[in-house]
Every structure is written in structure tokens, then in C-alpha cells.
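Engineer:
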Amino acid sequence: DAKTTQPPSMDCAEGRAANLPCNHSTISGNEYVYWYRQIHSQGPQYIIHGLKNNETNEMASLIITEDRKSSTLILPHATLRDTAVYYCIVRVASGYNTDKLIFGTGTRLQVFP
Amino acid sequence: SQTIHQWPATLVQPVGSPLSLECTVEGTSNPNLYWYRQAAGRGLQLLFYSVGIGQISSEVPQNLSASRPQDRQFILSSKKLLLSDSGFYLCAWSPGFPGNTIYFGEGSWLTVV
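Chains as they are written, first to last, in this note's numbering: chain F, 46 to 158; chain X, 6 to 118.
1) What would DSSP say about F:L125, mapped onto helix, strand or coil?
2) Is the Cβ of F:S86 closer than 8 Å to any Cβ of chain B?
3) Assign X:S99 to one of three DSSP states: helix, strand, or coil.
4) Using a beta-carbon distance cut-off of less than 8 Å, what residues from the region 39–54 of chain X approach chain F?
5) According to DSSP, F:I234 sits in a beta bridge with which residue or residues?
6) Cβ atoms of F:Y77 and F:L96: under 8 Å apart, would you say?
7) Within 8 Å of any Cβ in chain F, is that where the Cβ of X:E27 sits?
8) Mapping DSSP to helix, strand and coil, what is F:S86?
9) Between X:L51 and X:S25, what straight-line distance do the alpha-carbon atoms span, to the nearest angstrom?
10) Below 8 Å between beta carbons: does that hold for F:Y91 and X:T106?
11) F:A58 to F:P52, Cα distance in whole Å?
12) The beta strand (DSSP E) with X:G57 in it runs from where to where?
13) Taking 8 Å as the threshold (beta carbon to beta carbon), is X:S108 in contact with chain F?
14) For chain F, find out if any of its Cβ atoms is closer than 8 Å to the Cβ of X:R112; answer yes or no.
15) Spell out whether any CB of chain X is found under 8 Å from the CB atom of F:P89.
16) What's the call for F:I84, buried or exposed, on a 16-neighbour Cβ count within 10 Å?
Rendered as C-alpha cells:
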């Protein structure tokens, strides 16, 4: 079962920041939060991940709450090419034989002109 | 640099026929390997994952099986395909240490007729 909850869809105007929320209230202390996106049924594209601290790279920023029960992916200046399904995932790695990504249903982000 | 190859990219198979999808990772050793499936209009479902050669974990009981005959090779098989096996199959890999990125291949489209 997915360990994350996301809104099914969101809209964003081109050039504006897109803020995609994710709830992961049952996350454990050693579990990472990952974000991927999928465009037109291509292979999912990695965006960013984090454990406790906020993270930023050339694509996005990840803001994780202090209690780690939720996070927000921020695309600072959305473009039409950012239209995709965005997945927030908790990486389960509880032992030597357990290391997996469980995808939820994701958020379909529509960027409009 | 590391790369992941998955083939065939597209195939159409009759019901009851066998299946073999192959995935190979280059440029790394002892990766974690994953098989996912995405039915039309649905999210990604984890089918199998492996954290080492000869070790396979199954997430969903079905008529599919996976094998890891070599360190960087992951094979998805079926002896008799069902119509419900149609979908988009994705192989993925990671360096295996929690916190490292998981990378996806380009996927294989399977249509069972």
C-alpha cells in the first residue's frame, strides 16, 4: 500500500511557482521522501529526494516539515513542459532484503499558458 | 556513467503465450533492481525487486516471475500470458544504499491479444 497521499490534480499558470503537497504521516525515521514525474507514460523521471532537511537542485525544491509528516515539491517557474503526473514516494528500506519504492496515484499537474 | 537498457520496447503477444522481458544495467555493480507495471491510465505497481543476485522479492501474486541470473541482469517472465497482463512494464535500478536515486528505464509496452 502507498504510504503517501497527494491531491489527484492541480493547475498552475506558466511562469508561476507550482507547489505540490504530499502527506506521509506514517513515515519512519530512516525513510526518504522521493519525487518523480512521468510524462506521457515514459519512464518516471527523478526530481529530488530528502530525509530531514530541505533540498534544492536545478529542477525543484523540496520542503519537509519538521515532524516529517508532510512535504511540498516546489517548481519555481513552471513551464508547459512541466505538465505531468508527479509522484511523492516514501522509500522503504527496513533491512538488507527490503528496499523499494511504492508509488501512489500521484498528482496530475496541468500547466496552462 | 551508468545506463539501463530494457527490451523489447514493444510487443504484441497472444493469450497463453510466454513472455520474457530483459533489463540490463551497465556501469555499476550489485545494484538493486525492480520491475514495475503500469496498466492503462493507472499508477505504477511494484511487481518484483531484488537487492542481490539470486534474491527476488515478489510484491503481487500473479502469473509473472522474475529472475536475476547475473548481477546486472533482471528478467521478467511468464509461462502463459493473460489479457490482464497488458500494460507498460518498467525496469529500474539503484545503487542500493538508502538515499541513492532510483533510475528507470524507458519501458516496454506489452499488449496481450
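C-beta atoms are modelled at their ideal positions from N, C-alpha and C, and glycine is treated no differently.
Structural biologist: Here's the rundown:
1) Translated into the one-based positions of the first sequence, residue 125 of chain F becomes position 80. In the structure shown, F:L125 sits in a helix (DSSP, three-state: H, G or I).
2) In the structure shown, chain B cannot be found, because the protein chains are F and X.
3) Against the second sequence, residue 99 of chain X aligns to sequence position 94. X:S99 falls in the strand class under three-state DSSP.
4) Y39, Y41, Q43, G48, L49, Q50, L51, Y54
5) No answer is possible for residue 234 of chain F: the residues shown for chain F start at 46 and end at 158.
6) Within the first sequence, numbered from 1, the residue matching residue 96 of chain F stands at position 51. Within the first sequence, numbered from 1, the residue matching residue 77 of chain F stands at position 32. The answer is yes: Cβ separation under 8 Å.
7) Here the question's residue 27 of chain X lines up with position 22 in the second sequence. No, because no Cβ of chain F sits closer than 8 Å to the Cβ of X:E27.
8) As a first step, residue 86 of chain F must be located in the first sequence, where it is residue number 41. Coil, per DSSP.
9) Residue mapping note: residue 51 of chain X aligns to position 46 of the second sequence, counting from 1. Residue mapping note: residue 25 of chain X aligns to position 20 of the second sequence, counting from 1. Taking the straight line joining both Cα atoms gives about 17 Å.
10) As a position in the first sequence, residue 91 of chain F is number 46, starting the count at 1. As a position in the second sequence, residue 106 of chain X is number 101, starting the count at 1. It is a contact, given that the beta carbons lie within the stated cut-off.
11) Residue mapping note: residue 58 of chain F aligns to position 13 of the first sequence, counting from 1. Residue mapping note: residue 52 of chain F aligns to position 7 of the first sequence, counting from 1. If you take the alpha carbons of F:A58 and F:P52, they lie about 17 Å apart.
12) Indexing the second sequence from 1 puts residue 57 of chain X at position 52. Looking at the DSSP string, the run of the beta strand (DSSP E) that includes X:G57 is 49–57.
13) For this step, residue 108 of chain X is matched to residue 103 along the second sequence. Reading off the sequence, residue 108 of chain X comes out as Tyr, not Ser. It does; some Cβ of chain F falls within 8 Å.
14) Locating residue 112 of chain X in the second sequence gives position 107, where the first residue counts as 1. The sequence shown places Gly at residue 112 of chain X, rather than the Arg named in the question. With 8 Å as the cut-off, X:G112 counts as an interface residue toward chain F.
15) To locate residue 89 of chain F, count along the first sequence from 1; it is residue 44. So yes, F:P89 belongs to the interface.
16) Sequence index remark: in the first sequence, residue 84 of chain F carries index 39 (1-based). Under this definition F:I84 is an exposed residue.
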